[in-house]
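Number of protein chains: 2
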Amino acid sequence: MEFSPTLRQDSDVPLYRQLFEQMAAKIRSGSWPRGERLPATRELAGQLGLNRTTISAAYELLESGGLITGQVGRGSFVTGEPAGSAGVDWSGLLERAEGGKAVYPAAGGRAGISFAMSRPSRALFPLDEFRASCAAVLTRSDLADILQLGSPSGYEPLRKYLMEEARRQGAAAPGDDLLITNGCQQALDLIGRVLLRPGDTVAVEEPIYTGLKSLLSGMGAQLVGIPVGADGMEVGQLERVLERERPRFLVVTSNFQNPTGATLPLSARRALLDAAHAAGVPVIENDAYGELRYHGDALPSLKQLDEHGGTVLLRSFSKVSFPGLRVGWALGPRPLMDRLRHAKESADLHTDQLSQAVLLDFAESGRLEAHRARVLKAGAERLEATLESCSRYLPAGTRWTRPQGGMNVWVKLPEPLDASELLGRAQKEGVAYLPGRYFAVSRLDPGSLRLSFAGLTPEQIREGLAILGRVFRGAVESGTENYEPAPAMV
Amino acid sequence: MEFSPTLRQDSDVPLYRQLFEQMAAKIRSGSWPRGERLPATRELAGQLGLNRTTISAAYELLESGGLITGQVGRGSFVTGEPAGSAGVDWSGLLERAEGGKAVYPAAGGRAGISFAMSRPSRALFPLDEFRASCAAVLTRSDLADILQLGSPSGYEPLRKYLMEEARRQGAAAPGDDLLITNGCQQALDLIGRVLLRPGDTVAVEEPIYTGLKSLLSGMGAQLVGIPVGADGMEVGQLERVLERERPRFLVVTSNFQNPTGATLPLSARRALLDAAHAAGVPVIENDAYGELRYHGDALPSLKQLDEHGGTVLLRSFSKVSFPGLRVGWALGPRPLMDRLRHAKESADLHTDQLSQAVLLDFAESGRLEAHRARVLKAGAERLEATLESCSRYLPAGTRWTRPQGGMNVWVKLPEPLDASELLGRAQKEGVAYLPGRYFAVSRLDPGSLRLSFAGLTPEQIREGLAILGRVFRGAVESGTENYEPAPAMV
Chain A
1236 MEFSPTLRQD SDVPLYRQLF EQMAAKIRSG SWPRGERLPA TRELAGQLGL NRTTISAAYE
1296 LLESGGLITG QVGRGSFVTG EPAGSAGVDW SGLLERAEGG KAVYPAAGGR AGISFAMSRP
1356 SRALFPLDEF RASCAAVLTR SDLADILQLG SPSGYEPLRK YLMEEARRQG AAAPGDDLLI
1416 TNGCQQALDL IGRVLLRPGD TVAVEEPIYT GLKSLLSGMG AQLVGIPVGA DGMEVGQLER
1476 VLERERPRFL VVTSNFQNPT GATLPLSARR ALLDAAHAAG VPVIENDAYG ELRYHGDALP
1536 SLKQLDEHGG TVLLRSFSKV SFPGLRVGWA LGPRPLMDRL RHAKESADLH TDQLSQAVLL
1596 DFAESGRLEA HRARVLKAGA ERLEATLESC SRYLPAGTRW TRPQGGMNVW VKLPEPLDAS
1656 ELLGRAQKEG VAYLPGRYFA VSRLDPGSLR LSFAGLTPEQ IREGLAILGR VFRGAVESGT
1716 ENYEPAPAMV
Chain B
1236 MEFSPTLRQD SDVPLYRQLF EQMAAKIRSG SWPRGERLPA TRELAGQLGL NRTTISAAYE
1296 LLESGGLITG QVGRGSFVTG EPAGSAGVDW SGLLERAEGG KAVYPAAGGR AGISFAMSRP
1356 SRALFPLDEF RASCAAVLTR SDLADILQLG SPSGYEPLRK YLMEEARRQG AAAPGDDLLI
1416 TNGCQQALDL IGRVLLRPGD TVAVEEPIYT GLKSLLSGMG AQLVGIPVGA DGMEVGQLER
1476 VLERERPRFL VVTSNFQNPT GATLPLSARR ALLDAAHAAG VPVIENDAYG ELRYHGDALP
1536 SLKQLDEHGG TVLLRSFSKV SFPGLRVGWA LGPRPLMDRL RHAKESADLH TDQLSQAVLL
1596 DFAESGRLEA HRARVLKAGA ERLEATLESC SRYLPAGTRW TRPQGGMNVW VKLPEPLDAS
1656 ELLGRAQKEG VAYLPGRYFA VSRLDPGSLR LSFAGLTPEQ IREGLAILGR VFRGAVESGT
1716 ENYEPAPAMV
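Note that the protein sequences, when read in sequence, are chains A and B. If you read the first sequence in my numbering, its first letter stands for residue 1236, the second for the next number, and so on. If you read the second sequence in my numbering, its first letter stands for residue 1236, the second for the next number, and so on.
This is the structure in structure tokens:
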């Protein structure tokens, strides 16, 4: 019985559950046929370098799910998926092909350093300040209103706060409205629901944030990727695409794009707006990372620069504070916002009000700004450690972006290195990253990979990049013949 | 300048904002043309019976939105929507017809009693118990994990708790999985996204919950309504529809259906499952109200009775605890649940984790059960007051359902009374309800209306129904000639 699971130590899903899911998949796919004997827990624990209780917990889940059965003194056997779905043919109903979700690569080995997740550092969460904001909410006189069914527009005090902030910043035009969403992801989803018709084309960045790619593809949109260079989206290319393809809308990340870290310079912002205006194409400005600028001066957002009401700005509390609380917002012209609000009401009535109230207090009390200052300081150090270590450890001929903020650096290894193929070796050495193919729209650069640095300490970053450098330089020296392919990850 | 706004005193949206929105609509629609002079705040305040500061706040919003301009000593004038949306033709892009959302009727007058909202009583929220559960969460050792990006499946400790509860109840089959959603509404939305293809037919109840009607219609589904009688969906009709229409799926509320309050008897549950199984049609069991049984014995859910894996069960914390916290779940066969989880990840990554953790503590600590006991006691009294008052006050020939739980009673007035037309009179007397047309799929019974009693005290219920009885009896006596139509509400 072959079994080499891909386990993520840093995942929110416990190891026993990851193990269970991958075993269950083996059984359901028929790789482990009915009657097959599973290894003893002690044996598998030794083989995978895991605690025996982890294995037992996974076996228990398999057993309670009816996938295996234990026989005293004989061991555990595969019983297979329980029979009896005669009536509803689920696989027939669900036939529409949908690529499986990316399973993020785990950092194995001793180092256990993962550059794979673009998320803030758990260690920097200001728990006491968070508790103080919760305490403040719990004494609010409108606590019962927070717990009662609310408005699809959002918790009104938060909406008002964000709208006033947007007015002060000159981001809100007179005809604008603001809608609270479950993070930027839901705002993108609602925009797709409201604007997309079957077969529509959407202009996006190449490489693109994976969550946007799977969202738009899942809605049946045709994606056209506009290459992103060190200075963000190539506006000349965009102009040609706008003219030729007449996309339904354009999604662009103005600051510290995921995955490249690139930021659009001011002149490109203006040129992009002119091109979109001339083509009559709406601009969806995804600005999840804009608050995380470690160096240099902030640029005005596309929304601030747009004098023609063609831009929708998406922002969120997730990257700068707590992504487990799903609160973001969309700001744009009222006719669109009215429709987004209706779509929001159909989707889930409204965003959770407890978190909206807590984040409002976190912001109003000044705790968000104080936390942001700490995040910016740590981010600057982490970014610096990343760029320095790239320069010190990566093989000659490697190129990488030099962002001034955000969470990601984009690396291009010299030919003929293949970041997907090398991931297996890196994981054996205890370091993980996401290869470029996760982010490709139509052009795959096999040497590309994303380093998400925000969740790691400078020490981990240096150690991780030293290891990656060794793995990549080793591949340069040994040629490309002896690649071991990485375990399947899609 | 004509202006008679529909204002909801019981709304979460402040009065000044309701006022602002309705004035802005007048300006945007052109009913109030550019240059028109607005009444002075004092004058309008007197006219509408509102505080002058409310009017001023609404005017301020209009002014900051650029819709009106104030001139010292002359008053405020309509400036109209700011010009300049040359590039993006939003109204063209948004051309797809979508009926506006229902604006819930307000209870005006002195009584101010609204039977319009199917939601729990704000006054019964156990704020101290809620605070205690928040405090417990804030001392959890995994607090930082709660704040970090989580899993699309849901917060694992809550998922495990709900899965174990479902196993104990015999609701979870061996091949089942459970997904946390933002309430039942999002579960319905995800199911639609995953299962529906353009032009598909869906079998639903007639009358139907409005949120489900607008969701499915918005997705382009053709709805076929199966009449709901005092004993729930008419299964004989369902059988014919399943055979003739081959719907993509069936959505059914097993307990205390919204709007009728009807519950499917055991024999009908079995017959429904047999019919769906024979037709190979999945059953979506919406059980948002099942926990709110005030009398009689609980019946096994369709999910518990289904031996063939064709049913998905949707439940939620909203109706029995706090609807402002958006946490529900779906339980069903794993192939479907895998797809729902992918759809969930695209929609908003995952459900808010703070509320998931708080509700888990609320349940595990026994506070939910204690709260439910109080809600059941209050609900029984309110239901009794409703049924008694219907019997005492409504005109001869009126019929109504006699639910054993939930939040709603369905009333049919004797012909030729029209519940939509009479709403205006009722509102003038200070009482609101939702006429049957909000819930119609294809068959409109003009005499029908929904009374949502859970949010009102027995005293309010008696007073409200006494007034309604007077209005309805008055209409019977005076004939139907003198109806004043209610203000537009759609």
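Beta carbons: idealized from backbone N, C-alpha and C, even for Gly. Everything numeric in this text was worked out from a predicted model, so none of it was measured.
Residue 1705/B and residue 1628/B have their C-alpha atoms roughly 7 Å apart. One alpha carbon belongs to residue 1498/A, the other to residue 1397/A, and they sit about 24 Å apart.
Short of 7 Å from the beta carbon of residue 1288/B, and not among the five residues preceding or following it, lies no beta carbon of its own chain. Straight-line measurement puts the Cα of residue 1682/A at about 7 Å from the Cα of residue 1651/A.
Linking residue 1510/A to residue 1472/A through their CA atoms gives a straight-line distance of about 11 Å. Looking at 1278/B, 1259/B, 1351/B, 1304/B, the one whose alpha-carbon comes closest to that of residue 1667/B is 1351/B. Residue 1443/B carries a coil assignment under DSSP once its states are collapsed to helix, strand and coil.
Cβ contact annotation for residue 1606/A (same chain, cutoff 7 Å, sequence separation greater than five): 1361, 1364, 1556, in chain order. Among the CB atoms of chain B, one or more fall inside 9 Å of the CB of residue 1585/A. Here the segment 1396–1414 of chain A makes contact with the segment 1568–1582 of chain A; the two share three or more CB pairs at distances below 8 Å. Closest in C-alpha terms to residue 1639/A, from the list 1539/A, 1622/A, 1273/A, comes 1622/A. Burial is judged here by how many other beta carbons sit within 10 angstroms of a residue's own beta carbon; residue 1240/B has at least 16 and is buried. For residue 1493/A, no chain B residue has a Cβ inside 7 Å of its Cβ, as the nearest lies near 13 Å away. Minimum Cα-Cα distance from residue 1579/A among the listed residues 1426/A, 1537/A, 1441/A corresponds to 1426/A. Going by beta carbons, residue 1576/A and residue 1563/A fall outside the 9 Å limit. Residue pairing by DSSP places residue 1564/B opposite 1415/B, 1550/B in a beta bridge. 9 Å or more divides the Cβ of residue 1581/A from the Cβ of residue 1378/B. Less than 9 Å separates the beta-carbon of residue 1525/B from that of residue 1536/B. By the rule that beta-carbons nearer than 9 Å mark a contact, residue 1413/A does not touch chain B. Distance from residue 1491/B to residue 1641/B at the Cβ level is roughly 3 Å; contact confirmed, criterion being Cβ atoms closer than 8 Å. Under a 10 Å Cβ-count criterion, residue 1689/B is classified as buried, with 16 or more other Cβ atoms of the shown protein chains found around its own Cβ.
A direct Cα-Cα distance of roughly 14 Å separates residue 1375/A from residue 1366/A. Note on residue 1326/B: under 16 other CB atoms within 10 angstroms of its CB, so exposed under the neighbour-count rule. Taking the C-beta atoms as reference points, residue 1394/A is found no nearer than 9 Å to residue 1381/A. Between the C-alpha atoms of residue 1684/A and residue 1591/B there is a straight-line separation of about 35 Å.
At the C-beta level, residue 1442/A and residue 1676/A come within 9 Å of one another. A Cβ-Cβ separation of about 14 Å leaves residue 1258/A out of contact with residue 1280/A under the 8 Å criterion.
Under DSSP, residue 1634/B shares a beta bridge with 1647/B. Scanning 1488/A, 1429/A, 1708/A, 1248/A for the CA closest to the CA of residue 1456/A turns up 1429/A. Under the DSSP assignment, residue 1464/A falls in the beta strand (DSSP E) whose first and last residues are 1457–1464.
Around the beta carbon of residue 1660/B, 16 or more other beta carbons sit within 10 angstroms, so the residue counts as buried. For residue 1656/B, the enclosing alpha helix (DSSP H) starts and ends at 1654–1663. Inclusion of residue 1263/B and residue 1296/B in the CB contact set at 9 Å is not warranted, their separation being larger than that value. In this structure, DSSP gives residue 1453/B a helical state, which the three-state scheme calls helix.
Per DSSP, residue 1276/B lies in no beta strand (DSSP E) segment; the continuous alpha helix (DSSP H) that holds it begins and ends at 1276–1283.
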